[in-house]
Structure formats: structure tokens, C-alpha cells
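Numbering (my numbering), first residue to last: 3 to 533. Contents: one structure, followed by commentary.
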Amino acid sequence: MAAQKGVVILVKKRIFHLVFLLTLLLPSPILARDYIDIWPEGWSEVTPLFTTSIFTDRFFVTHDAQGTSFLSADGTYFKETNLTYRRVYAGAILEEVVLRSQVELDSIFLGLGEGGRRHVLWLEHGPQGSSIQHTSFGVPYAPEGVLTVLSAPSTIQDLAADQAGETTHLAWSQRNRFFQIRYTRIQDGEIAAVETVTDTEELSVRPSLVVDSRGTVHLAWMETGPAGVEIRYSRRTEEGWTTPRRVGEGSVQDIQQGGLIALAAFGEEVHLAWAALPRGSSRLHIYHASISAEGEVSPPQVLAPGSKPRFVQGTDRPELVWQSPGAYGVEIHYLPPGEEPINLTVGRRGAFRPEAFADGQYRYVFWLHASPEGGYEVVGINNQFPKALSLWRQMGIDEEAPWYHVGFLFLSTLMLSMVYTAANLGVILLAAGLYSLLQKVERYRRQPIWYQVALSAALLVVLRRLPFIPATHPQFFGPLHHLLCVATATLGTWLLLHRVRQRGFLFTMAALVIWMVLFQFAALIPQNILL
């Protein structure tokens, strides 16, 4: 009996000495993070660019040979925002110009015209009402005149536009008893007559506009009524605007969250993407539909949970980015043609309002992060300059402090494995009872130590899967992982107890507990790394 107690005490001393030694070797485990940034394979570092606000529904980004241009509404108070244009080249901001300062901005737009000319529109509110302004300039920036497209005492909101050569097409929602969609265009500084696209007693809001390769103007909007929200579509012909057609269902929740319809033309087809609630769901999902050259509308397809979809600019096929709820906040997802969505978000910071463009075969995606210094930060990622993954990162270890992370991972997994072992106490006690019964048979009692450890392992593996015994199970990553955990626990238990000669009840309990701790430890290691 004394020898058996000595065995248990010896094992406890070994574990205590190991933990104590690790504590001495890792004097600052708090420097290690309990997670690593999971990097999307083949993508670059996430690069912070500048600080902005969220007072408008989106920021704009375009790209040409002169660099990447951004248009954003910056500021800390929504009635005192600055309309700011920036041009970035090779990662450096070459130009930063405030086009309009200290105003209340509702919507903005940035487009590229012929010869790389930048066209900017903005909708601002003031004491006298609302107005839409337009300006254009070349590279480098030189100030030019501002053209007032529309000024009205009534409420104007939701400006949308598209640049086709040197013609700027724009649409907005204007209140005239009810909100209606209006349209006009600007060419050579001349403003065409304003056209009314909708004339109903419903609320028509959130227009989106695109011009296809034939010069046809396509318009989509959200129309709210007693039956809910519908996505409506019309195109402009020589006879005027076609009768609006229903594309699919929208969502009041998406409108309240500043949602917009993504609209893009690919050849003679027009594609739409928006967010809505599927039947029986309280979470927004991305919907996608297309309209043929003949005006036929395809049935909307649900792609994935998310909102704020945007088509990638400069592609010949539909490619989407959107924001989606994740385990640690909102994530940015990118959907290549014919593939599964890719999570581009790195770390555990919420990301939202993505914008993207293509530069040949490469993709550049930008979104907003909450900045620790206040405001919101525009950050970008691309697959042209992929981040090199070190061996530590490939193993799932923080490459900035690998040994701290290893130590933290060991101690946290060891403590968690003990918690899981305690949760499996019923399994251990039942296994101990069955093992004691088997030991009454001479054939089993005289077997070598490795046989006894393997027998204990077999009992635990079977009993922990019985549905009527309370047990807690870690997450396994396939049958091979489960087999490795069993083999590791069995080998480890044998190594710790193979010199023990006395075998009684304490030996049985020690073998079962040690095996369960090692089994849970091996099972929890990949779970702790990935989650």
C-alpha cells in the first residue's frame, strides 16, 4: 500500500517539477497571445491607409495607371465632415485634398473619365435644403469649378452615379409627398433635364445605377410598401424608362443598416447583389440575380450570410465581396468565380463596408476597421504581394513571440484538459469498476504493464462514447486525429507508469486519470491553436 502511494506521489512530483520549470523558463507568459492571426493563403499583409468616418454609407476607390484614388467623408461630427480625395501610389499617399469642408454629407461618388480624369459628386444638406454638386479634375490635382446639379428645399438622399466616358449619370431619391427616384446626366458641363423614374405612393429609396457597354442606363432601387421591401429594376430606352420589374425581396433591416444594391454590367447582362432575410431567418444573407439583354430576370440565389455586397471593379465576370458575421466579429469575404468564399479578415477586429477592384489578374480589397485612436481606418489587402508564411505560422504558432505562445499554449491546454477530465469523472469511475472486475480474472491480472495500460485505454475509449454516461468531448479533426490522441495518451501513460511493480486500486485510478488527461491534452491542442 505504501509503495502504491509512493507511485502516485512520484507522478505528482514529476508533473509539479515540469510545470515549475516551464514557469521559470517563461517568466512573462502574458506577452503571448492566446491566438494567432489566421492569414488567408496567397494574400498580403493588411495595410492601414488613412482614418475616415462612417457618416456616409460607403467610401469610394478607383484605380488606373496614375494610382489608386480614394474619396471619403472624414471627420468626427456628422455635420462637420470633410470630403477628402486621396491618390495612393506604391503604398504612399501622393495627394490628399479636401474638396469640401465642414458640411453635412449624405452621399458621395468618385468615377474615372477619359484620360484618367476624376469625377466627383456629393450630396450635402444645409439650412436651405439639399444640393448635389459636381466637380472634375486631372492628375495631379488642380482646383476647378464646382457645378450645382440640383438644389431643392425638399429632402434629397441616396445619391448614386456611374461614369461612362465623359458623361456622368446620376440618380437619387427625392421626397415629393412620397420618395421617388430621379435621374439626370452631366456631359461637357451641361445638365440634362431631370427625369422621374418612379411615380408611386410607395417609398422608393437606395437607387443604384450602371451603364453597360452599349450605353444603356440600368437602374435598381428598393421600394417599401405594406407588403415589405422589394428590389425593383428599370432601364432607359429611346422611349423612356421601362416599366419597373420586381427582381426579389429586400429587407427593412438592410435599409436601416445603410445597405445598398450592388449593380454591375458584364457584356449585355446586368448583375445585382443585395442583402435580405431568407424565410425563417433573422440574419441578413447575400442575394444575387442577373438580368439578360432581353430583360429576363433570373430567380434570386442566396449566396451566404452577410450584407453590404460590392462587385469587384474591372472584371469580366461577377466577383463579390461582402461583410459577414464571424466568430469574433464581422468579417470580409471574397467570392472568386466558381469557388468558395475566402475570409480575408485577419485578427479579431471587426471589418465592414468592403470595396474592391481588379488590376489584371490581381485583386485589391479595402474595408474599414475601428481605429484605436478614434474614428475608422481604411485598410487594404491584395493577392499581388502575398505574405510569406514562416514555419511557426504554418504550425499555428505566433511568429512574433513563438516560445511565449508555446508556453502559454501548453499551460492553458493542460489546465483545460484537467477540466475536461473532471467532466469525465463518471466515465473514469465506471472504467475503474470494470477494470477491477477484470483484475479478478487470473489471466488479465498477470498481463504485463503495457497490456494493462492498453486495456484501460480501451475501456475509456468505449465508455466515453456511451450516451447514458455524462461526458465532455473536445473537437476532433477527423479519425486520424482521434487515433493519434488515443495512441499518444496510451504511450504517455505507459512511459510514466512502466516501472511501477505494485498494481492495486490506486494504480488503476492513476492510470485512468493520467490517460484521460493526456488524451484530452492531445485532443485540445489543435482546437486551442485554431480557435
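Glycine included, C-beta positions come from ideal geometry on N, C-alpha and C.
Reference Ala264, options Tyr366, Glu321 and Glu225, closest by Cα: Cα-wise, what sits closest to Ala264 is Glu321.
Exposure of Tyr453, with buried meaning 16 or more beta-carbon neighbours within 10 Å: So Tyr453 ends up on the exposed side.
Chain-order list of residues whose beta-carbon lies under 8 angstroms from that of Asp201 (same chain, five-residue window excluded): Around Asp201: Gln182.
Residues bridged to Arg216 (per DSSP): The partner list for Arg216 (beta bridge, DSSP) is empty, contrary to what the question assumes.
For Thr157, the residue or residues it bridges with in DSSP: Note: Thr157 sits in no beta bridge, so no partner.
Asp76 at chain C interface by Cβ criterion, 7 angstroms: Checking the listed chains, one finds no chain C in this structure; it contains a single protein chain.
Nearest to Ser103 (by Cα), restricted to the options Gly118, Gly113 and Tyr79: The shortest Cα separation from Ser103 among Gly118, Gly113 and Tyr79 belongs to Tyr79.
Residue interval of the alpha helix (DSSP H) (run including Thr495): Boundaries of the alpha helix (DSSP H) harbouring Thr495: Pro481 to Leu499, taken from the DSSP string.
Nearest to Leu138 (by Cα), restricted to the options Arg119, Glu444 and Lys81: A small correction: the amino acid at residue 138 is Ser; Leu does not occupy that position in the sequence shown. Among Arg119, Glu444 and Lys81, the Cα nearest to that of Ser138 belongs to Arg119.
Beta-bridge partners of Gln315, as assigned by DSSP: In the DSSP output, where bridge partners are listed per residue, Gln315 has Phe359.
Alpha-carbon to alpha-carbon, Gly131 and Glu116: Counting only the Cα atoms, Gly131 lies some 33 angstroms from Glu116.
For Asn385 and Tyr332, the rounded distance between their alpha carbons: For clarity, residue 332 is Val in the given sequence; the question names Tyr instead. It is roughly 21 angstroms from the alpha-carbon of Val332 to the alpha-carbon of Asn385.
Proximity below 7 angstroms, CB of Val519 to CB of Thr423: Yes, these two residues count as a Cβ contact at 7 angstroms.
Residue span of the beta strand (DSSP E) that contains Gln325, given as start and end: Secondary structure note for Gln325: its beta strand (DSSP E) is the uninterrupted segment Leu322 to Gly328.
Beta-carbon contacts of Thr25 that lie in its chain and below 7 angstroms, excluding the five residues immediately before and after: Residue confidence is low: Thr25 scores 44 on pLDDT, short of 50, so the model does not pin down where it sits. No coordinate-derived value is stated.
Limits of the beta strand (DSSP E) - the one that Tyr289 falls within: Following the DSSP letters along the chain, one finds Tyr289 inside the beta strand (DSSP E) bounded by residues His287 to Ile293.
Paired residues, beta bridge with Asp59 - DSSP: Per DSSP, none; premise fails for Asp59.
Validate contact between the region 350-370 and the region 55-65 using beta carbons, cut 8 angstroms, 3 pairs: Yes, the region 350-370 is in contact with the region 55-65.
Separation of Tyr91 from Gln258, as counted between CA atoms: Tyr91 has its alpha-carbon roughly 36 angstroms from the corresponding atom of Gln258.
Endpoints, the beta strand (DSSP E) within which Ala434 is located: Run containing Ala434: none in the beta strand (DSSP E); it sits in the alpha helix (DSSP H), Leu427 to Gln441.
DSSP-derived helix/strand/coil call for Ala513: Helix, per DSSP.
Range covered by the alpha helix (DSSP H) that runs through Asp256: Residues Val254 to Gln258.
Alpha carbon of Leu107 to alpha carbon of Pro129, nearest angstrom: About 13 angstroms.
Touch test, the region 179-197 against the region 275-284, Cβ-Cβ under 8 angstroms, three pairs minimum: They do not touch, by the three-pair rule.
Start-to-end residues for the beta strand (DSSP E) that takes in Ile134: Boundaries of the beta strand (DSSP E) around Ile134: Gly131 to Phe139.
Whether Gln176 touches Arg187 by CB criterion (7 angstroms): Taking 7 angstroms as the cut-off, the beta carbon of Gln176 is found no closer than this to the beta carbon of Arg187.
Contact under 7 angstroms by Cβ, Leu305 with Ile288: Judged by their CB atoms, Leu305 and Ile288 are nearer to each other than the 7 angstroms cut-off.
Asp160 vs Val213 beta-carbon contact at 7 angstroms: No; because the gap between Cβ atoms is not below 7 angstroms, this pair is not in contact.
Proximal residues to Glu197 (C-beta, below 6 angstroms), its chain only, five neighbours per side dropped: Apart from the 5 residues on each side of it in sequence, Glu197 sits with its Cβ closer than 6 angstroms to the Cβ of Tyr185 in its chain, given in chain order.
DSSP-derived helix/strand/coil call for Glu251: Residue state, collapsed to three classes: strand.
First through last residue of the beta strand (DSSP E) which encompasses Gln176: Thr169 to Asn178 is the extent of the beta strand (DSSP E) around Gln176.
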